[in-house]
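Working notes for the structure below.
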Amino acid sequence: MGLEFGHNLGLRRALRGLPLSPLVPGYGRLVARQRALGLRHIGDALVERGRVLGVLDGVFEEGGARRRQHIGADRLRQLGAARGGAYGPLLAQLEAVQLQDPAALRRILLYQLVELLQAHPQGSDPATAVALGVCPQEAGPLVRVAAAHLRLDGEQRRAVEELADAWADGKVRRAAGLAALLPAGGGGDALLRRLLAEIAERVKEADDALDAAREAEKAGDARAAEDCMLRAARLASDCPRALLGLVRLHRAGGGAGVGAGPAAGGEKPGPAAVYDEGARPREVLTVLPAPEAVTVALSPEPPAADAANGRRVLRLTRVPGGPTGITEITDLSPAGGWVDPSPPFGQEVRYAALPLRDGRIDGPPVVSDVLLVAPDVSGLRSTTGRGRIEATWTEPSGALGVRAQLVGPAGPVGGAEVRTGALTATGLGVGAYVLRVRCRYRSPDGAVIESAGAEHPVSVDPWPTPVDRLDATAVHGAVRFSWSGGDDADVRLVAWPAGPPEPGAELTDDPARPWPAPLPWAAGADGGLVPPPGSVTRVSALAVLGPRAVAGPGLVVECPPAVAGARVERVGGGRARVTFDWPAEAGEVAATVEQDGASTVHRVVARSTYVREGLYVDVAPSAFSVTLSAAPRTPDAVVVPPPGGAVRVPADIAVSYRIVPGARRALRRGPSLLRVTLSCPGEVPADLPEFVLVARSGNGRDPVRPRTPTDGTTLLRVGGSTLTPGSPVELPVPSGLRPPYALRGFLLGEGAADVRLDEPSPTTLVVR
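Here it is as structure tokens:
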């Protein structure tokens, strides 16, 4: 085995010297996968841990039980199956490279090792090569030849790594440009030298074809000129002169017909039609501009044989005073055709689709009309309100801005607020409007151009005048509402189930969130409404006009729960005792006393205080009523006492009677007198009860008092109409009864329960 480079050893096409270029298509993708795995060179993926690489006369794995094993396609396949995972794509690409060219794997490995050694500070030390995984026996020769090898700068290294891709893709002009950066003769790399010669020969053939096309065009032979241009394009697929010449000649030639004129950016473009010779069907290349892209579609779809080879689509950009730019469009549209994801805004472009066969241009192109790339805004939509239009849109990323104009029944509308992607106009009258939005772009010559413009019709409908103030007053167990505003609307008092909208909010009739029905409260006194006892309701005003409404202000109405079992009795000393059944879930109960035309809340008592002390209120002798209700729980609420719950207590009317002994005359006392006195605060009721005096005799020394008006003998009757406050009635007590007997007075009639009978001491009522 030779231990120096220069021996003609190893596999077919083995190297006699170090390679200056990997010369492998897809090398950039291979390096990206290698670096993603953290590998220094591809050899790190080819050997197991603890083994080294032999690189002099091939690529070998050395070490282990099998001392020396060649790394070829079979071994790469085994490594891919064993390692898998993240190593799979890299090893699969290396296997494909090895199958296509048995010497390519070694070229790549040597190219990367030499690059690492030349960049290392100790690159001339064999230990450096050993550290890179090279067999120690081959490390010395490798570092010696690497030190003497031609060193490339960054631009040259990019050229040698991209050269194979450009050549494989037929981009001869690019390949020639890369070749011009490299040393003449390939720097000792024989394979590179042969490739550079092939590139130079292909460039000459393409130039000759272009010269022939120019001569034929001068001679007026358009068909021959087109054939020569097509040959030049097949020889150099990236030759701008050939591609532009094909487009120019085919559109101007007798076999090509062109559709309507140029289409502006925001208009639907007129398709360009090309009629090929013979029986070939008419083909149309249609361009559809969008805010951020242009879709290119070919119709009718090509035959199956043509579709298998595909089309090459180019964008031709017109640059005033400069060369026409050529950009290849490779993105496919899901709906068919191609997508240009980044068209040049503000510039005129044309698209051309060239048929391919075996990856090479195989015929004249189908060409579109000129398109000015000035797309309109997208997503233009609007909402309306009371004299208001709000519009939004999305501007293309390449636009300088927009010019928005709102036109109404009386012409253009001024004062609209335009900001990025939105417009707001207020103070508008009812009627139909049109919003026009044009995008502005900068052209290559510095001028500002506008898109065709997007139009959006919108109507401002009549809206109700909102309610601006809502008031409520509690009256006789009901609540009376009043408001201002809403003059042209149906004003409804509603309770929103999930919280009211903000006052002034504009609402439309939406089945997903219908407006609440008007309050279902019963009508009360004086046009008021009676809320349910125990309810706390936030009442809002809603101004409605047809299918539109405006939310108004609101307030809280609370009707505390009623208090049952109320009883009131005077207990003397100007006080009355109040008892009742404590309402469930009430924290406090308020007692309101109405007396002599005034209403005063005397007490608010908590449950614990009521249980411990009871409830007493101060009252005057006149009639009064006590209303009990649970204390309100909501601050600032309009409180409406629940209906009922009031206990009426009549005035403190008292009838007193006394037995006045007769005057003594000699040894005998004259007849006794009955004195009946009326005590009544205020006006005397018309239905005062009748007073009767009853006597009952007894068997023995102590007679028994009468228990009822019929339990004895009626002695005297005093009608209620004869009683007047301050004027006692005196009648003589009949003396026909035989003592001893007991007297007692009673009140009879409908008003007896409302009059208190003030009785004297029972001892004064016994006659002996």
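Heads up, the sequence shown is in this note's numbering, so the first residue is 38 and it goes up one at a time. For glycine and all other residues, C-beta sits at the position ideal for the given N, C-alpha and C.
Q | Integer-rounded CB distance, given that residue 430 should sit under 8 angstroms from residue 404 | A | Their Cβ separation, rounded to whole angstroms, is 33 angstroms, which puts residue 404 and residue 430 out of contact at 8 angstroms.
Q: Identify every run of the beta strand (DSSP E) within the segment 735-781, keeping only runs that are complete inside it and at least 3 residues long; order them along the chain.
A: 750-755, 766-769
Q) Out of 112, 656, 156, 152, which has the shortest C-alpha to C-alpha gap to residue 136? A) 112
Q) Which word fits residue 812, buried or exposed, when buried means at least 16 other C-beta atoms lie within 10 angstroms of its C-beta? A) The chain is shown only over 38 to 805; residue 812 falls outside these bounds and no answer can be derived.
(Q) The beta strand (DSSP E) that contains residue 445, what's its start and end? (A) 438-445
Q. With distances taken from CA atoms, which of 272, 626, 613, 527 is nearest residue 571?
A. 626
(Q) Between the alpha carbons of residue 804 and residue 760, how many angstroms are there, rounded? (A) 26 angstroms
Q) With burial defined as no fewer than 16 other Cβ atoms inside 10 Å of the residue's Cβ, what is the status of residue 800: buried or exposed? A) exposed
Q) Going by alpha carbons, who is nearest to residue 241 out of 375, 210, 257? A) 210
Q: Tell me whether residue 648 sits in a helix, a strand or coil according to DSSP, three-state version.
A: helix
Q) Are the beta-carbon atoms belonging to residue 165 and residue 147 less than 8 angstroms from one another? A) no
**Q.** CA nearest to the CA of residue 152, picked from 272, 730, 782, 58
**A.** 58
Q) Can you name the start and end residues of the alpha helix (DSSP H) that residue 407 belongs to? A) Here residue 407 belongs to no alpha helix (DSSP H), and DSSP marks it neither H nor E.
Q | Identity of the residues DSSP links to residue 473 by a beta bridge | A | 442, 492
Q: Quick one: using the 10 Å Cβ neighbour count with 16 as the cut-off for buried, is residue 263 buried or exposed?
A: buried
(Q) Does residue 204 come out as helix, strand or coil in the three-state DSSP assignment? (A) helix
Q: Just the C-alpha distance for residue 500 and residue 426, rounded to the nearest angstrom, thanks.
A: 13 angstroms
Q) Quick one: Cα of residue 795 to Cα of residue 687, how far? A) 16 angstroms
Q.
Does chain B have any CB closer than 8 angstroms to the CB of residue 379?
A. Here chain B cannot be found, since the structure has a single protein chain.
Q. Rounded to a whole number of angstroms, what is the C-alpha to C-alpha distance between residue 208 and residue 141?
A. 22 angstroms
Q: Report the option in 637, 583, 644, 630 whose CA atom is closest to the CA atom of residue 618.
A: 644
Q | Sub-8 angstroms separation of residue 542 and residue 491 beta-carbons | A | no
**Q.** Cutoff 7 angstroms; reference residue 787; Cβ partners in own chain excluding five residues on either side
**A.** 724
Q.
Excluding the 5 residues flanking residue 100 on each side, which residues of the same chain have their C-beta closer than 7 angstroms to its C-beta?
A. 87, 88, 89
Q) For residue 186, which three-state DSSP category applies? A) coil
Q. Quick one, are the C-beta atoms of residue 659 and residue 683 less than 8 angstroms apart?
A. no
Q) Whole-angstrom Cβ separation of residue 679 and residue 557, contact assumed at under 8 angstroms? A) Their Cβ separation, rounded to whole angstroms, is 17 angstroms, which puts residue 679 and residue 557 out of contact at 8 angstroms.
Q) How long is the line joining the alpha carbons of residue 632 and residue 711, rounded to whole angstroms? A) 35 angstroms
Q: Look up residue 265 in the DSSP assignment and say whether it is helix, strand or coil.
A: helix
Q: Count the other C-beta atoms from every protein chain shown that fall within 10 angstroms of the C-beta of residue 297, then say buried if there are 16 or more, exposed otherwise.
A: Note that residue 297 scores 29 on pLDDT, short of 50, meaning its location in the model is unreliable and no value can be drawn from it.
Q | Backbone CA spacing between residue 366 and residue 333 [nearest angstrom] | A | 9 angstroms
Q.
In the DSSP output, what is residue 107 paired with across the bridge?
A. 97
(Q) Contact between the segment 386-398 and the segment 353-364 is defined here as three or more beta-carbon pairs at a separation below 8 angstroms; is this criterion met? (A) yes
(Q) My output table needs one value for residue 791: the three-state DSSP class, helix, strand or coil. (A) helix
Q: Please state if the CB of residue 95 and the CB of residue 143 are separated by a distance shorter than 8 angstroms.
A: yes
Q. If you drop the 5 nearest sequence neighbours on each side, which residues of the same chain put their C-beta closer than 6 angstroms to that of residue 814?
A. Residue numbering for the chain in the displayed model covers 38 to 805; residue 814 lies beyond these limits and cannot be assessed.
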